[in-house]
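So the protein lines, in turn, are chains A and B. When you line the first sequence up against the working numbering, it's residues 3 to 388, in that order. When you line the second sequence up against the working numbering, it's residues 25 to 458, in that order. From the three backbone atoms N, C-alpha and C, an ideal C-beta is built for every residue, glycine too. For clarity, every value in this text was computed on a predicted model and none was experimentally measured. Have a look at the structure below before the remarks.
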Amino acid sequence: MTTSDDTRLAMQGTIEALTSGGGSEPVVVNLGPQHPSTHGVFRLKVTLDGEIVQDAEMRIGYLHRSMEKLAEERTYTQNIPFTDRIDYLAAMSNNLAYCLAAEELLGIEVPARAQAIRVMFAELQRVASHAMANGTFINDCGAWHTPLFHMFRDRERVLDMFEMTCGARLTTNYMRIGGVAFDLPDELLPTLERFLDDMPENIANYEALLLENEILHARARGVGVISPEMAINSSLSGPVLRATGVPWDLRKASPYCGYEQYEFDVPVGERGDCFDRFLVRMAEVKQSLHILRQVVDALPEGPYLADVPLHARPEPGEAYARVESPRGELGFYLVSDGGPAPYRFHCRPPSLINLSALKEMSLGGTLADAIVTLGSIDIVVGEIDR
Amino acid sequence: MMEIAGLSGILGAWYDFRDLNNLQRLITEWIADWGPDWLASIVTGLLGALGILGVIGPTLLVLIWVERKVIARFQQRYGPNRVGPKGLLQPVADAVKLILKEQLAPRAADKLIFFLPPVLIFIPGILIWGVLPFGPRMSVADLNVGVLFLLAVSGTAVLVIFMAGWSSNNKYALLGAMRAVAMSISYEVPMVLALLTLVVFSGTMSINGIVEWQQQEDVIFILLFPLTALVFFFAASAELNRTPADISEAESEIVAGYHTEYSGMRFGLFYAVELGNTLVVSGFIATFFLGGWWLWGLDEWVPSWIILLAKTGAVYFLLIWTRGTLPRLRVDQLMSLCWKALVPATLLFVVVAFVERTLLISEGWDTTIALPIMAVINIGLSLGAIMLFARVARPADLRRPARIRMAGAEIGGLRAARSVAARSEEPQFQVGGD
Numbered sequence: 003m004t005t006s007d008d009t010r011l012a013m014q015g016t017i018e019a020l021t022s023g024g025g026s027e028p029v030v031v032n033l034g035p036q037h038p039s040t041h042g043v044f045r046l047k048v049t050l051d052g053e054i055v056q057d058a059e060m061r062i063g064y065l066h067r068s069m070e071k072l073a074e075e076r077t078y079t080q081n082i083p084f085t086d087r088i089d090y091l092a093a094m095s096n097n098l099a100y101c102l103a104a105e106e107l108l109g110i111e112v113p114a115r116a117q118a119i120r121v122m123f124a125e126l127q128r129v130a131s132h133a134m135a136n137g138t139f140i141n142d143c144g145a146w147h148t149p150l151f152h153m154f155r156d157r158e159r160v161l162d163m164f165e166m167t168c169g170a171r172l173t174t175n176y177m178r179i180g181g182v183a184f185d186l187p188d189e190l191l192p193t194l195e196r197f198l199d200d201m202p203e204n205i206a207n208y209e210a211l212l213l214e215n216e217i218l219h220a221r222a223r224g225v226g227v228i229s230p231e232m233a234i235n236s237s238l239s240g241p242v243l244r245a246t247g248v249p250w251d252l253r254k255a256s257p258y259c260g261y262e263q264y265e266f267d268v269p270v271g272e273r274g275d276c277f278d279r280f281l282v283r284m285a286e287v288k289q290s291l292h293i294l295r296q297v298v299d300a301l302p303e304g305p306y307l308a309d310v311p312l313h314a315r316p317e318p319g320e321a322y323a324r325v326e327s328p329r330g331e332l333g334f335y336l337v338s339d340g341g342p343a344p345y346r347f348h349c350r351p352p353s354l355i356n357l358s359a360l361k362e363m364s365l366g367g368t369l370a371d372a373i374v375t376l377g378s379i380d381i382v383v384g385e386i387d388r
Numbered sequence: 025m026m027e028i029a030g031l032s033g034i035l036g037a038w039y040d041f042r043d044l045n046n047l048q049r050l051i052t053e054w055i056a057d058w059g060p061d062w063l064a065s066i067v068t069g070l071l072g073a074l075g076i077l078g079v080i081g082p083t084l085l086v087l088i089w090v091e092r093k094v095i096a097r098f099q100q101r102y103g104p105n106r107v108g109p110k111g112l113l114q115p116v117a118d119a120v121k122l123i124l125k126e127q128l129a130p131r132a133a134d135k136l137i138f139f140l141p142p143v144l145i146f147i148p149g150i151l152i153w154g155v156l157p158f159g160p161r162m163s164v165a166d167l168n169v170g171v172l173f174l175l176a177v178s179g180t181a182v183l184v185i186f187m188a189g190w191s192s193n194n195k196y197a198l199l200g201a202m203r204a205v206a207m208s209i210s211y212e213v214p215m216v217l218a219l220l221t222l223v224v225f226s227g228t229m230s231i232n233g234i235v236e237w238q239q240q241e242d243v244i245f246i247l248l249f250p251l252t253a254l255v256f257f258f259a260a261s262a263e264l265n266r267t268p269a270d271i272s273e274a275e276s277e278i279v280a281g282y283h284t285e286y287s288g289m290r291f292g293l294f295y296a297v298e299l300g301n302t303l304v305v306s307g308f309i310a311t312f313f314l315g316g317w318w319l320w321g322l323d324e325w326v327p328s329w330i331i332l333l334a335k336t337g338a339v340y341f342l343l344i345w346t347r348g349t350l351p352r353l354r355v356d357q358l359m360s361l362c363w364k365a366l367v368p369a370t371l372l373f374v375v376v377a378f379v380e381r382t383l384l385i386s387e388g389w390d391t392t393i394a395l396p397i398m399a400v401i402n403i404g405l406s407l408g409a410i411m412l413f414a415r416v417a418r419p420a421d422l423r424r425p426a427r428i429r430m431a432g433a434e435i436g437g438l439r440a441a442r443s444v445a446a447r448s449e450e451p452q453f454q455v456g457g458d
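Structure (structure tokens):
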């Protein structure tokens with residue numbers, strides 16, 4: 003039976019139930035894979051009783067590109083561009099996590115300047131990604147694109163800086179095993195300074211526009227709530243976890259790239275609802291700007307790339323490296339059999355694991371709540387399906 | 025000889041822009057000189073209808089451009105700027121594209137009922153223009169029950185919307201249609217009550233009569249009944265499916281609502297009527313609450329319809345502004361807002377209007393003194409009502425502020441979470457709450 007037959011039968015059932023005069027019957031509504039609210043090709047099958055969500059079923063796999071298998075056929079360096087395409091909204095963070103794993107496998111020391119540059123771009127990526135996440139979240143609440151476009155201005159400036167440095171905006175392919183691909187261009191630091199100077203005012207504008215908005219409060223407060231216990235049991239991470247009040251941030255918990263040198267706080271929410279996630283992201287952007295300022299002020303001189311053979315053959319063994327990506331704990335697990343390509347390449351995507359709590363969050367709410375909750379989790383389907 | 029004199033009279037009237045009704049009167053008189061009476065009525069009626077259609081069509085095309093440009097400015101974009109000078113021809117290009125597109129219908133759709141709505145929805149959309157007074161004598165039908173006609177006609181549109189949603193055999197469309205019906209039924213109540221306030225206070229159901237009352241008493245109704253005006257504005261924007269109440273075509277939830285399955289010009293017709301309704305409702309808000317074609321004597325010098333258009337434009341800009349800024353309310357929130365806040369508030373002002381009207385009429389109070397006092401009292405009452413409802417109708421979730429704390433040293437799981445939460449000092453960031 004094809005899907006359309008399926009749908010028509012369900013529809014007939016609905017109409018019969020409505021016209022027979024008595025009783026009602028749940029309606030199954032597909033949100034996606036092509037729907038204005040799903041971020042990418044993700045399909046959410048909700049069973050509705052009126053407007054109340056009775057059941058939610060997540061169907062993934064529409065964007066499966068077999069990244070992990072492909073990676074087993076390519077050398078360690080050749081795999082870096084794949085990581086861009088796993089989470090295409092935070093390519094720098096993915097590059098970084100993969101390179102950290104490969105470096106651990108190869109036992110490579112990364113020069114101090116490269117470390118600082120990596121931190122710089124990982125934090126810039128966080129600013130860009132959170133702009134996207136918060137913008138689309140407000141969009142899902144029904145604000146007709148205005149906050150999204152305002153936040154996209156900031157994201158655009160970050161992407162311009164990426165382009166200036168490595169020539170690409172989205173799929174950057176900038177990090178290398180042992181450092182970064184290019185040194186910073188001369189015009190980057192002045193641009194970054196201007197960006198850091200302008201951002202506080204922009205953020206103040208967003209806060210003035212959004213934070214006291216009663217409709218946004220009504221839509222997001224107390225919606226999609228998850229308890230800290232449940233969040234930990236579901237292995238959630240990133241802003242979704244921190245919104246429940248659990249102060250877990252890998253930049254503090256197991257620092258990499260010299261994050262221990264920088265001073266910053268971990269914002270945590272209180273109730274674990276959609277609004278807390280939004281607030282946590284807003285606060286994290288401010289912390290990222292704070293880190294960026296420190297990086298710019300104390301940027302070490304020296305080489306930007308360690309001496310690494312192009313076709314490295316690591317000793318047989320395994321390595322796991324994890325970073326705090328904008329969406330949560332992003333890990334790469336590599337197994338080497340001594341050959342030029344990884345024997346096993348595994349990615350621990352935060353989006354997939356955070357998404358697994360969507361059903362828990364959205365049951366009993368309305369359809370509109372489920373959409374807002376989905377938006378607040380901030381998924382990237384490329385990362386879910388890989 | 026008579027004919028020539030009549031024609032020159034018509035030509036002379038072209039220059040009298042202040043009241044286009046002169047033109048109609050001259051034609052009527054000219055026809056009445058040589059033809060039967062019914063012919064004059066038919067000709068002037070047709071002229072009025074054609075005039076309205078001729079004005080609406082081009083106005084809609086310009087409005088699409090205006091709305092897209094204004095929204096674009098809100099969103100730091102340029103908006104359409106490619107087709108024609110300043111992108112002015114973009115709506116024409118869009119219309120041509122829509123006409124050329126294939127008209128698709130779902131196989132399982134109820135064909136006749138699916139085909140009719142885009143056509144039927146035009147009827148209330150056009151009829152409603154008939155009672156909008158553009159000047160002292162400038163409305164196609166100056167009914168003495170104009171308010172009733174307006175409400176009756178605007179109420180029929182929801183039937184067409186439900187036809188569209190039902191016949192599409194699409195769940196998004198059905199959900200959208202059901203939301204539209206529920207919302208339309210609910211929001212008609214505060215709308216009716218808001219208009220009832222004006223009818224009671226001015227003592228007439230003629231729309232032109234309401235404007236003339238405002239002219240006579242030298243006051244506009246928004247000063248006398250500000251909360252009623254606000255409720256009417258919100259209820260009208262709900263009826264028009266515009267944010268913050270566009271739930272029946274909430275893009276992020278149910279794709280396009282009741283017109284999800286319509287393609288090409290069928291969709292275009294829905295879109296055009298929706299835009300036309302927005303314009304005419306702005307016109308009615310301007311008429312009822314901002315004095316319509318009258319503006320403290322300026323209407324002696326400026327054509328009255330230009331004054332009305334200016335006020336309509338201002339209200340329309342407000343509608344675009346709210347659309348460009350506010351998020352959307354949820355269905356249940358919209359309903360509870362309507363029944364728990366808007367209906368009691370407007371009902372309160374119906375009572376207030378009754379009392380004040382009685383004082384003015386039976387006690388014979390001097391309106392020049394009494395009206396300003398009543399305006400002050402009503403503004404105070406409105407503010408009080410808003411504050412009261414903001415307190416009473418607020419959901420429990422929103423009464424506590426949302427807090428963000430900063431964890432610096434504490435990192436870990438539940439124990440760290442508890443220690444951060446138990447910290448006595450003020451949270452770093454706090455928003456909302458009572």
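Could you confirm whether any beta carbon from chain B is found closer than 8 Å to the beta carbon of residue i?
i              : result
H152 (chain A) : yes
P328 (chain A) : no
V129 (chain A) : no
K361 (chain A) : no
F277 (chain A) : yes
Would you say residue i lies against chain A (beta-carbon separation less than 8 Å)?
i              : result
G432 (chain B) : yes
E380 (chain B) : no
F98 (chain B)  : yes
Q357 (chain B) : yes
K93 (chain B)  : no
L438 (chain B) : yes
Residues of chain A with CB under 8 Å from residue i, in chain order?
i              : result
G348 (chain B) : W146, T148
Between residue i and residue j, how many whole angstroms is the CB-CB distance? I'm expecting something under 8 Å.
i              : j              : result
T221 (chain B) : V400 (chain B) : The pair is not a contact, with the Cβ atoms about 17 Å apart (cut-off 8 Å).
E385 (chain A) : I88 (chain A)  : 5 Å
D199 (chain A) : A245 (chain A) : 29 Å between Cβ atoms; not a contact.
A359 (chain A) : L238 (chain A) : 6 Å
G274 (chain A) : P241 (chain A) : Contact doesn't hold; Cβ gap of about 11 Å is too wide.
D267 (chain A) : G200 (chain B) : Not quite, the Cβ-Cβ distance comes to about 45 Å (not below 8 Å), so this is no contact.
R315 (chain A) : P344 (chain A) : Wrong, their Cβ atoms sit about 11 Å apart, outside the cutoff.
Can you pull the chain A neighbours of residue i, defined as C-beta to C-beta under 7 Å?
i              : result
D535 (chain B) : Chain B is shown only over 25 to 458; residue 535 (chain B) falls outside these bounds and no answer can be derived.
R427 (chain B) : E272
Express the C-alpha separation of residue j and residue i in angstroms, rounding to a whole number.
i              : j              : result
V86 (chain B)  : P115 (chain B) : 8 Å
W38 (chain B)  : L70 (chain B)  : With a pLDDT of 46 at W38 (chain B), under the threshold of 50, the modelled position of that residue is not reliable, and the figure given next carries that caveat. Cα-Cα distance, rounded: 19 Å.
C349 (chain A) : I179 (chain A) : 17 Å
G103 (chain B) : I88 (chain B)  : 11 Å
R155 (chain A) : L144 (chain B) : 43 Å
L358 (chain B) : W146 (chain A) : 18 Å
A47 (chain B)  : S328 (chain B) : Here the sequence assigns Leu to residue 47 (chain B), which means Ala is not the residue at that position. Approximately 15 Å between the Cα atoms of the pair.
G175 (chain B) : A170 (chain A) : It is worth fixing the name first, because residue 175 (chain B) is Leu in this sequence and not Gly. Approximately 58 Å between the Cα atoms of the pair.
N193 (chain B) : P130 (chain B) : 8 Å
L384 (chain B) : S364 (chain A) : 56 Å
V382 (chain A) : Q238 (chain B) : 57 Å
C101 (chain A) : C276 (chain A) : 33 Å
V374 (chain A) : A222 (chain A) : 7 Å
E212 (chain B) : A365 (chain B) : 14 Å
M69 (chain A)  : R76 (chain A)  : 11 Å
Name the chain B residues that come within less than 7 Å of residue i, Cβ to Cβ?
i              : result
R155 (chain A) : Q100
Determine the chain A residues that contact residue i at a beta-carbon separation under 9 Å, and present them in chain order.
i              : result
G189 (chain B) : The premise fails here: G189 (chain B) is roughly 12 Å from chain A at the closest Cβ pair, so nothing lies under 9 Å.
Cβ closer than 8 Å: which chain B residues qualify as neighbours of residue i?
i              : result
T368 (chain A) : R354, V355, D356
V48 (chain A)  : None at all; the shortest Cβ gap to chain B is about 10 Å.
Is it a yes or a no for the segment 314-333 of chain A touching the segment 94-108 of chain A, going by three-plus beta-carbon pairs under 8 Å? The segment 314-333 of chain A, when compared against the segment 94-108 of chain A, does touch it at the 8 Å Cβ threshold.
Would you call the segment 304-324 of chain B and the segment 250-259 of chain B in contact, with 3 or more CB pairs under 8 Å? Cβ pair count under 8 Å is three or more, so yes.
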